[in-house]
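Visitor: Just so we're aligned: the sequence shown equals residues 263 to 529 in the working numbering.
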Amino acid sequence: MQYSYTQLSQYLRCPRSYRYRYLDGWREKDTRAAMVFGRCFEKALAGYFSGEDSAAILFKEWGAYREVSLEYRKGDSWDRLVHGGVHLLHKLAQDDRVRVPHPEKDLQLKMIRSLSNGNEFIAYIDAIGELDGQPYLIDWKTTTSRYAEEPAGLLSLDPQLICYSWISGIRDVALVVFVRKHDPEIQYLKTSITEEQQKQFGQLVDSTAIQIESGQFLPHSGIRFPMNGCTSCSHLGLCLGSQHLIDSKLIRSAGASDLDWLDQFED
Ligand code: SF4
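#1: Let me check understanding here. Comparing Cα to Cα, which of Thr470, His352, His482 lies closest to Ser378?
#2: What distance in whole Å lies between the Cβ atoms of Leu437 and Leu419, which are believed to be in contact at a cut-off of 8 Å?
#3: Going by CA-CA distance only, name the one from Gly287, Glu329, Tyr267, Tyr273 that's closest to Leu512.
#4: Tell me which same chain residues have a C-beta within less than 6 Å of the C-beta of Ser510, skipping the five on either side of it?
#5: What is the rounded straight-line gap between the Cα of Gly464 and the Cα of Asp341?
#6: From Gln264 to Arg408, what distance separates their C-alpha atoms?
#7: With a Cβ-Cβ cutoff of 8 Å, do Ile429 and Ala389 count as a contact?
#8: Taking only heavy atoms of ligand 3 into account, decide whether any of them is closer than 7 Å to the Cβ of Arg359.
#9: Excluding sequence positions up to five away, which residues of its chain have a Cβ less than 7 Å from the Cβ of Cys495?
#10: Are His448 and Leu307 close, meaning C-beta to C-beta below 8 Å?
#11: Could you compute how far the alpha carbon of Glu457 sits from the alpha carbon of Asp434?
#12: Applying the criterion that 16 or more other CB atoms from any shown protein chain within 10 Å of the CB defines a buried residue, is Gln269 buried or exposed?
#13: Counting pairs of beta carbons, one from the segment 394 to 411 and one from the segment 308 to 317, are three or more of them closer than 8 Å?
#14: If I measure Cβ to Cβ from Gln422 and keep anything under 6 Å in the same chain, skipping five residues before and after, which residues do I get?
#15: Helix, strand or coil: which one does DSSP assign to Glu458?
#16: Hey, is Gly491 close to ligand 1, as in C-beta under 7 Å from one of its heavy atoms?
#17: If I measure Cβ to Cβ from Asp292 and keep anything under 8 Å in the same chain, skipping five residues before and after, which residues do I get?
The following block contains the structure:
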């Protein structure tokens, strides 16, 4: 078995949803404009750090979706997204706080760690580079709202950063958050992950893999106001037996053999 952070977090959120996705093959349709745009923006970022014209790459990549029917958030449009994206790329260059000295080897790094029982854990790290002149493992995010910065130290609890720190052995990690709001903003958030956190994450991976392999897929429904995880779960239609919701949100593939679980862009 090969595991990824996306798989692990989906199991921890709701084991039943994991079973729908990775065993039964029900995956969300790729129709959310924000998610598709996030992938295009990531390609533009790779171009930026490789010394290419990142705005031109963004226009080219996102241009392929101009006539595609996507779901846009209220107030969003194809034009608005691309102009916001170009604004963010200019701001990144202006700020000049992030450097990737060796883009040919330090962007989208594939890392593999062996687990017990012959399993493997795979992660794709966005970049290993420098932030404000200091070495960091860096993850990018595109989002519509700012990441919380208070209370101090909150970022050190971010499970994805802990995961990347565990698999890479790098303790200094950072998030570069591209905030697509009316007045676009980039947050540069740094933290340090302890060896104890890395060790505990490894234990969490091992224990979760055991539960998955022993077939434990009970639903963890989230019916509590106001944080109801079921309302944002793409598998809600399966749990409710609603064909309308299934048809509108899901597409069924031939099981878990494809590699689209590697997608980790979330709006
Ligand atoms: S709708 Fe709720 S119970 Fe069903 S898979 Fe999604 S999170 Fe789990």
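Each residue gets a CB set at the ideal place from its N, CA and C atoms; glycine is no exception. A quick note: this is a predicted structure, and the numbers were derived from the prediction, not measured.
Guide: On the basis of the data shown:
#1: Thr470
#2: Wrong, their Cβ atoms sit about 12 Å apart, outside the cutoff.
#3: Gly287
#4: none
#5: Rounded to the nearest angstrom, the two C-alpha atoms are 43 Å apart.
#6: 33 Å
#7: no
#8: As far as ligands go, the structure on display features ligand 1 and does not contain ligand 3.
#9: Cys276, Ser279
#10: It should be noted that the sequence gives Ile, not His, for residue 448. No, these two residues do not count as a Cβ contact at 8 Å.
#11: 11 Å
#12: Under a 10 Å Cβ-count criterion, Gln269 is classified as buried, with 16 or more other Cβ atoms of the shown protein chains found around its own Cβ.
#13: Segments in contact, no.
#14: Tyr267
#15: In this structure, Glu458 counts as helix in the three-state DSSP scheme.
#16: Ligand 1 approaches Gly491 closely enough that one of its heavy atoms is under 7 Å from the residue's Cβ.
#17: If you ignore the 5 residues before and after Asp292, its C-beta comes within less than 8 Å of the C-beta of Val298, all in its own chain and listed in chain order.
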